[in-house]
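4 protein chains.
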Amino acid sequence: MRKLRLGMVGGGQGAFIGGVHRIAARIDGDWELVAGALSSDPERTRASAAELGIAADRAYGSYEEMAQAEAARADGIDAVAIVTPNHMHAGPAVAFLNAGIHVICDKPLAATMEQAEAIAEAVQRSGKHFILTHNYTGYPLMRQAREMVARGDLGAIRVVQVEYAQDWLAEETHGKQADWRVDPAKSGAGGAVGDIGTHAYNLACFVTGLEAERLAADLDAFVPGRKVDDNTQVMLRFKGGAKGALWASQVAVGNENALRLRVYGEKGGFEWAQENPNVMTFTRFGQPKQILTRAGAGATEAGLRNTRTPGGHPEGYLEGFATIYAEAAALIRGNDPDAHVPGIKEGLAGIRFIAACVESSARDAAWVTL
Amino acid sequence: MRKLRLGMVGGGQGAFIGGVHRIAARIDGDWELVAGALSSDPERTRASAAELGIAADRAYGSYEEMAQAEAARADGIDAVAIVTPNHMHAGPAVAFLNAGIHVICDKPLAATMEQAEAIAEAVQRSGKHFILTHNYTGYPLMRQAREMVARGDLGAIRVVQVEYAQDWLAEETHGKQADWRVDPAKSGAGGAVGDIGTHAYNLACFVTGLEAERLAADLDAFVPGRKVDDNTQVMLRFKGGAKGALWASQVAVGNENALRLRVYGEKGGFEWAQENPNVMTFTRFGQPKQILTRAGAGATEAGLRNTRTPGGHPEGYLEGFATIYAEAAALIRGNDPDAHVPGIKEGLAGIRFIAACVESSARDAAWVTL
Amino acid sequence: MRKLRLGMVGGGQGAFIGGVHRIAARIDGDWELVAGALSSDPERTRASAAELGIAADRAYGSYEEMAQAEAARADGIDAVAIVTPNHMHAGPAVAFLNAGIHVICDKPLAATMEQAEAIAEAVQRSGKHFILTHNYTGYPLMRQAREMVARGDLGAIRVVQVEYAQDWLAEETHGKQADWRVDPAKSGAGGAVGDIGTHAYNLACFVTGLEAERLAADLDAFVPGRKVDDNTQVMLRFKGGAKGALWASQVAVGNENALRLRVYGEKGGFEWAQENPNVMTFTRFGQPKQILTRAGAGATEAGLRNTRTPGGHPEGYLEGFATIYAEAAALIRGNDPDAHVPGIKEGLAGIRFIAACVESSARDAAWVTL
Amino acid sequence: MRKLRLGMVGGGQGAFIGGVHRIAARIDGDWELVAGALSSDPERTRASAAELGIAADRAYGSYEEMAQAEAARADGIDAVAIVTPNHMHAGPAVAFLNAGIHVICDKPLAATMEQAEAIAEAVQRSGKHFILTHNYTGYPLMRQAREMVARGDLGAIRVVQVEYAQDWLAEETHGKQADWRVDPAKSGAGGAVGDIGTHAYNLACFVTGLEAERLAADLDAFVPGRKVDDNTQVMLRFKGGAKGALWASQVAVGNENALRLRVYGEKGGFEWAQENPNVMTFTRFGQPKQILTRAGAGATEAGLRNTRTPGGHPEGYLEGFATIYAEAAALIRGNDPDAHVPGIKEGLAGIRFIAACVESSARDAAWVTL
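The structure is reproduced here in structure tokens:
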């Protein structure tokens, strides 16, 4: 079975998430990186490509050029990974989809609703796969939690508490990662709510299978002069009556990357935290709390499916991310009808979530229908 | 120094919180229990008094009788502890205050605003001490956290996350403890929000020194047929711009008594959970997170003031509660100008908090001014 | 039912464990402190007694005088608590036993084997109760663990890991608590091994029901000039084939009072740590690990017997200690045939343990039979 | 820079550690797997090679054939990974070293001292690199801990507590992983002590820089009929006076892969556990305990050197393992004089450790000099 050929847009030297995508693509051995439009700076493009073992003639100056050239090659890329800032997703996504190339795109889907819809239209038109790297859904215990909810271990869900707390933007900060995230022209109207709130929202929906119906949100920019929110509190009402709260903050001092999900139903409840992702607690009402470990006793089929090591040998962020790439490969190869990868539907839901939060907050946290 | 004489209203056989008050009163040796109107059932009154070593002639059939008789005795009680359900606080509180006897009252202050105001008026008129047992403020690390906030260790507070999750009412439940708590005639209009939400609210305000200005609340009764909320989500706006979220639930399966407070400011943040109350994490922005232990390295004056054992020898719920009794004794003896005990002001704030939550929820979680 | 009358030897101003005993005696309401020989310093004796509400004529200058006087009173003490340094246990213990007064004595039993045997002989001769405050056996989860082992939840025990780590003696230290503990004339030949190692050893035997047969020990005094061990490592062989390791250290920087017990059998295993004593993990082989909480789901009869608050309302060190006093009261009143309090047998076992460790270490950690 | 070419001996279908090595080799992009003698079964060899994308002509029937053929090719492998059971390390290791090919070998070094010495001799003679995958040394926080010890953050080390507890062999078990591990002809004389005890021993020495001088060990085979130890307790004496205890068990019910290291010195102490490898606690004597996170605040140069993601994005077992492969590549390329990879010296130390434990235990846990 040959490796799939991957191209990359963005992710040149100095980038963070590009490197993550590359490792994720390597871990399970399904992909080889062969082409890239890695930077808008020609010099950096060249140097980055050399470092990554990309042939010089496949180190492109622009994504437009790359889409055209790769589509024309017999050994052209099977898929492209788009790892640029939010406002730079739609351009390459549409270009590659139009060129008949599958797309793996970083989240959130886009900086604006218009961009998001343009991507959705291109997905629809092209019939190509579109995978959105809401990587936290790749953690085995989140797959297991989803299966446990679906098979009724918790009964009907009543309450969802999800939060994503960081502190790296607690002060005015400059640098490649921070700059575009606090610039609404690049990040979109949402700051924390877009960058990390969408992860939290996606994960809550992924695991519970619930759809949010309405929300009320209070967005704040605590750091003086900041133009996007750095702390967002949301109340959620799901279809069917479940309630939720979502908190996203980049100013919560003492938190590195604290994505945490807690779900409570009529019969049971669980709690999970991303920073120690190999354990989750689960309680059946009236019984002792259990510590479920990745691939450990009590693991479900979905919980075992994308693990690489036995219990006690911790898998981490990169392995969860790799599962998205493994399932993208399976989708493209046509041999995994059960792949759980987030796609355009989840992408649009995220953009609607951001827009609803921004609108609600502008209207004194009034309820907004999603 | 003689022991202070304590009477008790409520707390007969089968009660929970009455026993807690009695142990709390004993721990530091300031009090002796000498009188009681322990039950509305004469037989239980007699049996309970005998069990507790209360003389037969001071085991009263009603609080009215008790207030009158004790006020008339040369060796009458110094204070009375009121440990009845919420709707039974105001009657005895007013009676004993009017009789010139100090009152220690369980929370929340009352079942209705009218009752609360009647108590407040009696406090004002009598000039007697009124102590409300928001016992969680008695934990040494909460005293320490308050001092750290006050002296600026966290800088200006931005975000407060407070929650109080239990699961004992996840199903329809009957029994002495449950019955009155889910009966609005006895508990008041608030269920979880009154029973435990007020603790969470009080603790957040106690530690941060902030005052809430407005709130929006979503109250649910998830258990079919339940007449009061068993899950409440609140967004808070504090004077000065800080934001908060409060969650109180008695249907969160897997939670026993999970009161948890997290506070984040410009310069630092801390996290504390009641179920392991001898540790708290504290982070100065950009520095490693610290684990602060009760009476351990880094303990502040306030953190050390009401501890009884060295670090590593865990104090618990009863010791925190005992501190309220120790400070009540100090107040009554007139020798503690620095006592931190919650009183009528905090009691009224709690009742306003419940009323505002109920009103907001009735108005589709609109913002209500406190 | 009248309160039992308690006297105290030692525990004057500045003492640590005396105050702990007094709170422990108060918590469950069984005792009143009415007499004491609190200090060898007459002035401190007087001041301490006044502070504690002990009548002047029962504040004695010596334990000999106290034993004689109290035995002669119609309202004399029922029991005496001995809270002096180790080398001062035997004198008062024998005196009070000979006077027909029950004894509650701090651990370890004595500073020397001769003293220990003198106490044992007096216990035997007098027929009075002798309770040794190995207070950690009073924690409800340790009672529960003992019951779980006894009823076979773990199957035959294979491995016991017990440790007790502190750091307060990591440097040369002076003060009331430190001085006698590092002086072999007062503490006995064991330092850490006697002061805390005996607690660890006692708890392991209490919970498992095992008896140690042989041990090999390596004792060190890491702080220059120290005359007793401040770090001890022991290998244990139990009757029946189980193996164990015991570590006691007072120089393990970062540990406050880290007593921890782990027991593994053919069918299950559990882990417990004193600093958060309300939880224990338990695993049946091949099943998910459970978190058992004090008085929570899965609590056994023994686990529930000496609790005062529901699950989630943490009990601590003082409550565990109080259980020893409550059971001492029950023993003396003759109404608790099931009391689990450690006594002279456990005291002698502790002294033999210290002696065996010291002997083994002196012989290059050779195996010594207990 | 071209990828290095890797061959593999062992690791065919059904193997565990072979798959781990392959992922580890892929993560940082330094290696490509091009050849293998994957199984002694020709059919499985063929199928495994096809699955792994190894060309049919480089899927060898024996390691001897493979060493000869690859050495002869212009594009022959740069290094071979040996992932067979212990008794099958020496044969291929010597063959490839003799053929001038670098060796990456799983631990422990061999099943017998003779085999170990044969490998050491071949390393010496060939001048080729020999890397032993004591992968736990690849965790960033273990690198950081080593640096902190070396620069004196803990002062002189006094006490080392290291343990490695599992439970998968708590009952008689059969299967590919279990069978050879409990067969002394394949595993060597040590069972748990060799399989996991050597990891613990290696890690303790790696981090502290200490050398063990003498040890006393008690080995048990608790499962009836088992021919090698499944539980081992060791007391260690290090050169310079530090003391240690090492516990390795495969019957400790409730433990998955619980490698844990605690080190205490004159001035500080730390604790780390492999199952949540991104955090470590560190205490300077007299100051609050700190939680140090991988790549978080307070990270040292060595702690940052081999990380791939920011703090809060957990790295796991595979990333730590990958660091060994990354450093092996750097060594082979000649551009990393600072690589920390364990090699033949550590391999021999491990075999001596096993032999000493077995000898000590046979002599009633007498002290044995290493």
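Residue numbers (our numbering), protein chains in the order written: chain S, 1051 to 1420; chain W, 1051 to 1420; chain A, 1051 to 1420; chain R, 1051 to 1420. Built from N, CA and C at the ideal position, the CB exists for glycine as well. In this text the structure is predicted, and so the values were computed from the model without any measurement.
Whole angstroms is fine: what's the gap from residue 1348 (chain W)'s alpha carbon to residue 1191 (chain R)'s? Along the second sequence, one-based indexing puts residue 1348 (chain W) at 298. Along the fourth sequence, one-based indexing puts residue 1191 (chain R) at 141. Between residue 1348 (chain W) and residue 1191 (chain R), the C-alpha separation is close to 25 angstroms.
Look at residue 1281 (chain S) and residue 1242 (chain S) and say whether their C-beta atoms are less than 8 angstroms apart. Taking the first sequence and counting its residues from 1, the one referred to as residue 1281 (chain S) is at position 231. Taking the first sequence and counting its residues from 1, the one referred to as residue 1242 (chain S) is at position 192. Residue 1242 (chain S) sits close to residue 1281 (chain S), with the two beta carbons spaced by under 8 angstroms.
Determine the burial state of residue 1290 (chain W): buried for a count of at least 16 other Cβ atoms within 10 Å of its Cβ, exposed for fewer. Start at 1 with the first residue of the second sequence, and residue 1290 (chain W) comes out as number 240. Classification of residue 1290 (chain W): exposed, given that the 10 Å Cβ count is below 16.
Say whether chain R places a C-beta atom closer than 8 angstroms to the C-beta of residue 1132 (chain W). Numbered from 1 along the second sequence, position 82 holds the residue referred to as residue 1132 (chain W). Taking a beta-carbon distance threshold of 8 angstroms, residue 1132 (chain W) does not count as an interface residue toward chain R.
For residue 1173 (chain R), which residues of its own chain have a beta-carbon under 7 angstroms away from its beta-carbon, when the five flanking residues on both sides are left out? Within the fourth sequence, numbered from 1, the residue matching residue 1173 (chain R) stands at position 123. The answer, listed in chain order, is 1147, 1180, 1394.
Alpha carbon to alpha carbon, how far is residue 1229 (chain A) from residue 1103 (chain A)? The sequence position of residue 1229 (chain A) within the third sequence is 179, counting from 1. The sequence position of residue 1103 (chain A) within the third sequence is 53, counting from 1. Looking at the backbone, the Cα of residue 1229 (chain A) and that of residue 1103 (chain A) are separated by about 29 angstroms.
Relative to the alpha-carbon of residue 1417 (chain W), which residue among W:1168, W:1288, W:1143, W:1091 has its alpha-carbon at the smallest distance? The residue given as residue 1417 (chain W) occupies position 367 in the second sequence. Out of W:1168, W:1288, W:1143, W:1091, W:1288 has the C-alpha closest to the C-alpha of residue 1417 (chain W).
CB of residue 1094 (chain S) within 8 angstroms of CB of residue 1062 (chain S), strictly: For this step, residue 1094 (chain S) is matched to residue 44 along the first sequence. For this step, residue 1062 (chain S) is matched to residue 12 along the first sequence. The answer is yes: Cβ separation under 8 angstroms.
What do you get for residue 1052 (chain R), buried or exposed, if any count of 16 or more other CB atoms within 10 angstroms of its CB means buried? In the fourth sequence, residue 1052 (chain R) corresponds to position 2, counting from 1. Exposure of residue 1052 (chain R) is indicated by the presence of fewer than 16 other C-beta atoms within 10 angstroms of its C-beta.
I believe residue 1140 (chain S) touches residue 1216 (chain S) by the beta-carbon criterion, under 8 angstroms. Please report the beta-carbon distance rounded to the nearest angstrom. For this step, residue 1140 (chain S) is matched to residue 90 along the first sequence. For this step, residue 1216 (chain S) is matched to residue 166 along the first sequence. Contact between residue 1140 (chain S) and residue 1216 (chain S) does not hold, since their C-beta atoms are separated by about 26 angstroms, which reaches or exceeds 8 angstroms.
Use the C-beta contact count for residue 1385 (chain W): other C-beta atoms within 10 angstroms, 16 or more gives buried, fewer gives exposed. What you label residue 1385 (chain W) is simply residue 335 of the second sequence in a count that begins at 1. Looking at its Cβ environment, which holds fewer than 16 other Cβ atoms inside 10 Å, residue 1385 (chain W) is exposed.
Have a look at residue 1071 (chain W) and residue 1366 (chain A) and give me their C-alpha separation to the nearest angstrom. Taking the first residue of the second sequence as position 1, residue 1071 (chain W) is located at position 21. Taking the first residue of the third sequence as position 1, residue 1366 (chain A) is located at position 316. Computed Cα separation, rounded: 17 angstroms.
Nearest to residue 1273 (chain A) by alpha carbon, out of R:1244, R:1208, R:1226, R:1265? Your numbering for residue 1273 (chain A) matches position 223 in the third sequence. When only C-alpha atoms are compared, the closest one is R:1208.
Please report the Cβ distance between residue 1143 (chain A) and residue 1155 (chain A), rounded to the nearest whole angstrom; I am assuming they are in contact, meaning their Cβ atoms lie under 8 angstroms. Along the third sequence, one-based indexing puts residue 1143 (chain A) at 93. Along the third sequence, one-based indexing puts residue 1155 (chain A) at 105. By a beta-carbon distance limit of 8 angstroms, residue 1143 (chain A) contacts residue 1155 (chain A). Their separation comes to about 6 angstroms.
If you measure from the CB of residue 1277 (chain S), is any heavy atom of the ligand FMN nearer than 7 angstroms? This structure simply doesn't include the ligand FMN, nor any ligand for that matter.
Rounded distance between the beta-carbons of residue 1073 (chain A) and residue 1358 (chain W), thought under 8 angstroms: For the purposes of this step, residue 1358 (chain W) is taken as the residue at position 308 of the second sequence. For the purposes of this step, residue 1073 (chain A) is taken as the residue at position 23 of the third sequence. Correct: roughly 6 angstroms between the Cβ atoms.
Cα-Cα, which of S:1234, S:1132, S:1213 is closest to residue 1408 (chain S)? For the purposes of this step, residue 1408 (chain S) is taken as residue 358 along the first sequence, with counting starting at 1. In this structure, S:1234 is the residue among S:1234, S:1132, S:1213 with its C-alpha nearest to the C-alpha of residue 1408 (chain S).
Kindly list, in the order they appear in chain B, the residues whose Cβ is closer than 8 angstroms to that of residue 1299 (chain W). In the displayed structure, chain B is absent; the protein chains listed are S, W, A and R.
Using a Cβ-Cβ cutoff of less than 6 angstroms, which residues in the same chain neighbour residue 1432 (chain W) once the five nearest sequence positions on both sides are dropped? Because residue 1432 (chain W) is not part of the residues shown, which for chain W are 1051 to 1420, the question remains open.
So is residue 1230 (chain R) in contact with chain A if we call contact Cβ pairs under 8 angstroms? Looking up residue 1230 (chain R) in the fourth sequence gives position 180. Against chain A, the CB of residue 1230 (chain R) has no partner CB under 8 angstroms away; the residue lies outside that interface.
Stretch pair the region 1053 to 1060 of chain R + the region 1396 to 1404 of chain A: three plus CB contacts closer than 8 angstroms: With the cut-off at 8 angstroms, the region 1053 to 1060 of chain R and the region 1396 to 1404 of chain A do not touch.
Can you give me, in chain order, the residues of the region 1365 to 1381 of chain S that have a beta carbon less than 8 angstroms from any beta carbon in chain R? Correct list: 1365, 1366, 1367, 1368, 1369.
Run the CB neighbour count on residue 1009 (chain R), radius 10 Å, all protein chains shown included, and call it buried at 16 or more, exposed below. In the structure as shown, chain R starts at 1051 and stops at 1420, and residue 1009 (chain R) therefore has no counterpart that could be examined.
State the beta-bridge partners of residue 1211 (chain S) as determined by DSSP. As a working mapping, residue 1211 (chain S) is identified with position 161 in the first sequence. According to DSSP, which records beta bridges pairwise, residue 1211 (chain S) is partnered with S:1295, S:1312.
Contacts around residue 1374 (chain A), its chain only, beta-carbon distance under 6 angstroms, and the 5 residues preceding and following it disregarded: Sequence index remark: in the third sequence, residue 1374 (chain A) carries index 324 (1-based). So the list reads 1183, 1185, 1188, 1391, once near-sequence residues are dropped.
Out of curiosity, what's the CA-to-CA distance linking residue 1098 (chain W) and residue 1097 (chain A)? Position 48 of the second sequence, counting from 1, holds the residue named residue 1098 (chain W). Position 47 of the third sequence, counting from 1, holds the residue named residue 1097 (chain A). Here the alpha carbon of residue 1098 (chain W) sits roughly 37 angstroms from the alpha carbon of residue 1097 (chain A).
Quick one: which chain W residues come within Cβ less than 8 angstroms of residue 1415 (chain S)? Numbered from its first residue, the first sequence carries residue 1415 (chain S) at position 365. For the C-beta of residue 1415 (chain S), the chain W residues within less than 8 angstroms are, from N- to C-terminus, 1266, 1285, 1417.
Could you check how far apart the C-beta atoms of residue 1323 (chain S) and residue 1310 (chain S) are, in whole angstroms? I think they sit under 8 angstroms. Along the first sequence, read from residue 1 onward, the residue named residue 1323 (chain S) stands at position 273. Along the first sequence, read from residue 1 onward, the residue named residue 1310 (chain S) stands at position 260. Going by Cβ atoms, the distance from residue 1323 (chain S) to residue 1310 (chain S) rounds to 4 angstroms, so yes, they are a contact pair.
Going by other Cβ atoms of all chains shown within 10 Å of its Cβ, with 16 needed for buried, is residue 1320 (chain R) buried or exposed? As a first step, residue 1320 (chain R) is located in the fourth sequence; it is residue number 270 there, counting from the start. Burial call: buried.
Please work out which residues of its chain come closer than 6 angstroms, Cβ to Cβ, to residue 1226 (chain W), disregarding the five sequence neighbours upstream and downstream, and give them in chain order. Counting from 1 along the second sequence, the entry for residue 1226 (chain W) is found at position 176. These residues qualify, in order along the chain: 1064.
What does residue 1347 (chain W) touch in chain R if you count any residue whose Cβ is under 7 angstroms from its own? The sequence position of residue 1347 (chain W) within the second sequence is 297, counting from 1. For residue 1347 (chain W), the chain R residues whose Cβ falls inside 7 angstroms of its Cβ are 1336, 1337, 1338, in order along the chain.
Keeping to the same chain, check which residues put their C-beta closer than 6 angstroms to that of residue 1247 (chain R); ignore five residues upstream and five downstream. The residue you call residue 1247 (chain R) lines up with position 197 of the fourth sequence. The answer, listed in chain order, is 1282, 1298.
Between residue 1263 (chain W) and residue 1420 (chain W), which are expected to be in contact by the criterion C-beta below 8 angstroms, what is the C-beta distance as a whole number of angstroms? Locating residue 1263 (chain W) in the second sequence gives position 213, where the first residue counts as 1. Locating residue 1420 (chain W) in the second sequence gives position 370, where the first residue counts as 1. Contact holds; Cβ gap of about 6 angstroms.
Using three-state DSSP, classify residue 1423 (chain S) as helix, strand or coil. The requested residue 1423 (chain S) is not part of the displayed model; chain S covers only 1051 to 1420.
Say whether chain S places a C-beta atom closer than 8 angstroms to the C-beta of residue 1318 (chain W). Locating residue 1318 (chain W) in the second sequence gives position 268, where the first residue counts as 1. True, the Cβ-Cβ gap to chain S drops below 8 angstroms.
Rounding to the nearest angstrom, what Cα-Cα distance links residue 1256 (chain R) and residue 1249 (chain R) in this structure? Position 206 of the fourth sequence, counted from the start, is the residue given in the question as residue 1256 (chain R). Position 199 of the fourth sequence, counted from the start, is the residue given in the question as residue 1249 (chain R). Roughly 10 angstroms between the two C-alpha positions.
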